[in-house]
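These notes concern the structure reproduced below.
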Amino acid sequence: MKTETTDNSHNALIDNVTILTNGELFDRLMTLSRVMAGSGAMVPAHFQKSPDACMAVTMQAARWGMDPFAVAQKTHIVSGTLGYEAQLVNAIITTMSPTKDRLHYDWFGPWENVIGKFTEKTSAKGHSYIAPGWTLADEKGCGIKVWATLRGETAPRELVLMLSQAQVRNSTLWASDPKQQLAYLAAKRWARLYTPDVLLGVYSTDELENPIAREEKDITPSVSISDLVDSASSANDAQPEVPADSHDATLGESLRQALEEASTLEAIRQVEQRIAQHKSTLGSQLLFELRGKSQKKRSGYKAVQEIEAAFDALSPADRAAFQQLENLVNNRLAILPPGEQQRFTLALDDLRAEYA
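Residues in the sequence shown are numbered consecutively from 1, following UniProt numbering.
Structure below.
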């Protein structure tokens with residue numbers, strides 16, 4: 001178990017009113033933005049020859065007291081929205097949070113079950129990459145505690161985050177350095193909970209690539225609990241009901257674990273049959289949860305087949321088809337199995353230069 005602590009310093013920052021009302025400062029920022037737009041490879045492609053976009057990031061960097069060129073290098077465009085890398089978001093929290101010191105990090109649990117355990121896989125273009133080589137069971141108990149003390153207070157504000165709570169893992173760093181990635185995520189969640197004004201309008205790429213509510217509504221039709229209870233087949237209805245007793249919680253956990261471990265559509269169907277068999281024992285609330293999880297997982301594997309077919313049908317130099325493929329991957333990213341998220345994301349990166 002390791003704890004990291006450091007002290008905090010606060011820079012003299014430019015506020016929003018000063019930027020918008022000081023004509024001389026505004027002109028200087030606009031001049032800098034034009035320089036950035038014409039600096040070629042010194043800024044990412046989405047800022048090149050675009051002084052207006054450069055002005056937006058320059059104003060943001062001024063508010064944070066940071067180098068606009070450095071900030072620009074830590075941005076990405078995700079579904080038409082500007083996203084910031086986790087490293088930059090962490091730096092923003094350190095610079096802007098009204099705390100007496102920097103965030104403290106304390107990792108706990110059996111991290112030896114996951115650290116250094118990864119496997120090498122091959123992308124659709126034949127390039128190798130690493131993916132987690134552990135199971136969800138190995139993550140059990142692994143987590144981090146993050147805390148800092150706000151100015152004017154004496155007791156620290158704390159947040160505990162488990163590794164299993166990190167749902168979106170769209171970087172290979174989750175395989176090679178999961179402790180660092182979890183620390184980035186915990187810092188972001190701590191700031192959104194205790195100092196929400198610091199990250200107002202600032203989103204990391206994983207947040208933009210995880211359209212939780214929209215994706216759930218698109219993938220799963222709206223159903224009621226009674227619909228789910230009545231959806232079991234007549235054959236399953238004919239089976240004797242299992243009386244409710246003390247093993248209900250264990251049964252529910254067993255079915256959750258079976259769904260997590262199911263890696264084919266057939267395996268998912270088998271778990272669904274078990275869920276239907278024990279529907280009266282589970283109760284409507286747990287039944288609703290398990291049916292929702294199974295539908296989402298089934299949709300994930302169907303999405304894999306859909307995306308693989310789109311990759312196979314992609315024609316050389318067809319930029320419109322590539323854009324449609326990229327949109328398809330982004331729209332399905334939240335429901336894809338973690339390993340497939342990385343595989344398709346890297347495959348798109350490999351192809352992007354060919355369709356630029």
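C-beta: ideal position from N, C-alpha, C; glycine also.
(1) Buried or exposed: S222, going by 16 or more other Cβ atoms within 10 Å of its Cβ?
(2) Given a cut-off of 8 angstroms, decide if I93 and A187 are closer than it, judged by their beta-carbon atoms.
(3) Distance, Cα to Cα, A72 vs T58?
(4) Grouping DSSP H, G and I as helix and E and B as strand, with all else coil, what is E253?
(5) Going straight from the alpha carbon of W64 to that of F108, what length do you get?
(6) Count the other C-beta atoms from every protein chain shown that fall within 10 angstroms of the C-beta of A347, then say buried if there are 16 or more, exposed otherwise.
(7) So, Y301 versus L259, is the Cβ gap smaller than 8 angstroms?
(8) Would you tell me roughly how many angstroms separate the C-alpha atoms of S33 and S50, rounded to the nearest one?
(9) Taking the Cβ atom as the reference point for each residue, do P132 and A175 lie within a distance shorter than 8 angstroms?
(10) With W174 as the anchor, note down where its alpha helix (DSSP H) starts and where it stops.
(11) Please classify K297: is it buried, with 16 or more other beta-carbons within 10 angstroms of its beta-carbon, or exposed?
(12) In angstroms, rounded to a whole number, what distance separates the CA positions of A244 and V160?
(13) Take every Cβ of the segment 122 to 129, pair it with every Cβ of the segment 142 to 151, and state whether three or more of those distances are shorter than 8 angstroms.
(14) Keeping to the same chain, check which residues put their C-beta closer than 6 angstroms to that of A191; ignore five residues upstream and five downstream.
(15) Sorted by chain position, which residues of the same chain lie with C-beta nearer than 7 angstroms to F118's C-beta, five sequence neighbours on each side aside?
(16) Could you pull the DSSP bridge partners for F344 from this structure?
(17) What are the boundary residues of the beta strand (DSSP E) that D106 is part of?
(18) Give a single yes or no on whether G80 has its beta carbon closer than 7 angstroms to a heavy atom of the ligand ATP.
(19) Per DSSP, what kind of secondary structure is I115 in: helix, strand or coil?
(20) Once DSSP output is grouped into helix, strand and coil, what is the label at L200?
(21) Quick one: Cα of T18 to Cα of L163, how far?
(22) Report the residue from Q295, A353, L255 and S315 whose alpha carbon sits nearest the alpha carbon of Q277.
(23) Could you pull the start and end residues of the beta strand (DSSP E) that S128 belongs to?
(24) What is the rounded straight-line gap between the Cα of P316 and the Cα of A310?
(25) Quick one: is T21 buried, meaning 16 or more other Cβ sit within 10 Å of its Cβ, or exposed?
(26) DSSP three-state label for S246, please.
(27) M66 to Q305, Cα distance in whole Å?
(28) Where V35 and A70 are concerned, what is the direct C-alpha to C-alpha distance, given to the nearest angstrom?
(29) Hey, out of G40, K140 and E85, whose CA is closest to Q257's CA?
(30) Starting from L336, follow the alpha helix (DSSP H) in both directions and report where the run begins and ends.
(31) Using a 10 Å radius around the Cβ and a threshold of 16 neighbouring Cβ atoms, would you call Q295 buried or exposed?
(32) Under the rule that 16 or more other beta-carbon atoms within 10 Å means buried, what is S97, buried or exposed?
(33) Going by Cα to Cα distance, which pick from E289, Q342, Q181 and V271 is closest to Q87?
(34) For C142 versus V114, is the C-beta spacing smaller than 8 angstroms?
(35) If we ignore side chains and look at the alpha-carbon of each, how far apart do L82 and T75 end up?
(36) Around the C-beta of Q324, are 16 or more other C-beta atoms found within 10 angstroms, so that it is buried, or is it exposed?
The answer reads as follows:
(1) Model confidence at S222 stands at a pLDDT of 49, short of 50, so the residue's coordinates are unreliable and nothing is read from them.
(2) In contact: A187 and I93 (Cβ atoms closer than 8 angstroms).
(3) Rounded to the nearest whole angstrom, the C-alpha separation of A72 and T58 is 8 angstroms.
(4) The DSSP-derived three-state label of E253 is helix.
(5) If you take the alpha carbons of W64 and F108, they lie about 32 angstroms apart.
(6) Around the beta carbon of A347, 16 or more other beta carbons sit within 10 angstroms, so the residue counts as buried.
(7) Pairing Y301 with L259 gives a Cβ-Cβ distance that is not under 8 angstroms.
(8) Spanning the two alpha carbons is a distance of roughly 9 angstroms.
(9) Contact: yes.
(10) Start and end: L173 to S176.
(11) Buried: at least 16 other Cβ atoms inside 10 Å.
(12) Confidence at A244 is low in this model, with a pLDDT of 43, below 50, so the placement of that residue is unreliable and no value is reported for it.
(13) By the C-beta criterion, the segment 122 to 129 is judged not to be in contact with the segment 142 to 151, since fewer than 3 inter-stretch pairs fall below 8 angstroms.
(14) If we look at A191 and ignore the five residues flanking it on each side, its Cβ neighbours are I93, V198 and L199.
(15) These residues qualify, in order along the chain: I130, A131, P132, G133, A175 and S176.
(16) Paired residues: none, contrary to the question.
(17) Element bounds for D106: H104 to F108.
(18) Within the structure as shown, the ligand ATP is missing, as the structure has no ligands at all.
(19) In this structure, I115 counts as coil in the three-state DSSP scheme.
(20) L200: coil per DSSP, three-state reduction.
(21) A straight-line Cα-Cα distance of about 42 angstroms links T18 and L163.
(22) Answer by Cα proximity: L255.
(23) For S128, the enclosing beta strand (DSSP E) stretches over residues S128 to P132.
(24) Put simply, the backbone Cα of P316 is about 13 angstroms away from that of A310.
(25) Under this definition T21 is an exposed residue.
(26) Note on S246: pLDDT 41, under 50, position unreliable in the model; the coordinate value appears next. The answer is coil: DSSP assigns S246 none of H, G, I, E or B.
(27) Near 44 angstroms, if we compare the C-alpha coordinates of Q305 and M66.
(28) Approximately 14 angstroms between the Cα atoms of the pair.
(29) Relative to the Cα of Q257, the nearest Cα in the group G40, K140 and E85 belongs to K140.
(30) Per DSSP, L336 belongs to no alpha helix (DSSP H) and is neither H nor E.
(31) It is buried - the Cβ of Q295 has at least 16 other Cβ atoms within 10 Å.
(32) Classified as buried, S97 has 16 or more neighbouring CB atoms from the shown chains inside 10 Å of its CB.
(33) It is Q181 whose Cα lies nearest to the Cα of Q87.
(34) For C142 and V114, yes; Cβs fall inside 8 angstroms.
(35) In this structure, the alpha-carbon of L82 lies about 7 angstroms from that of T75.
(36) Looking at its Cβ environment, which holds fewer than 16 other Cβ atoms inside 10 Å, Q324 is exposed.
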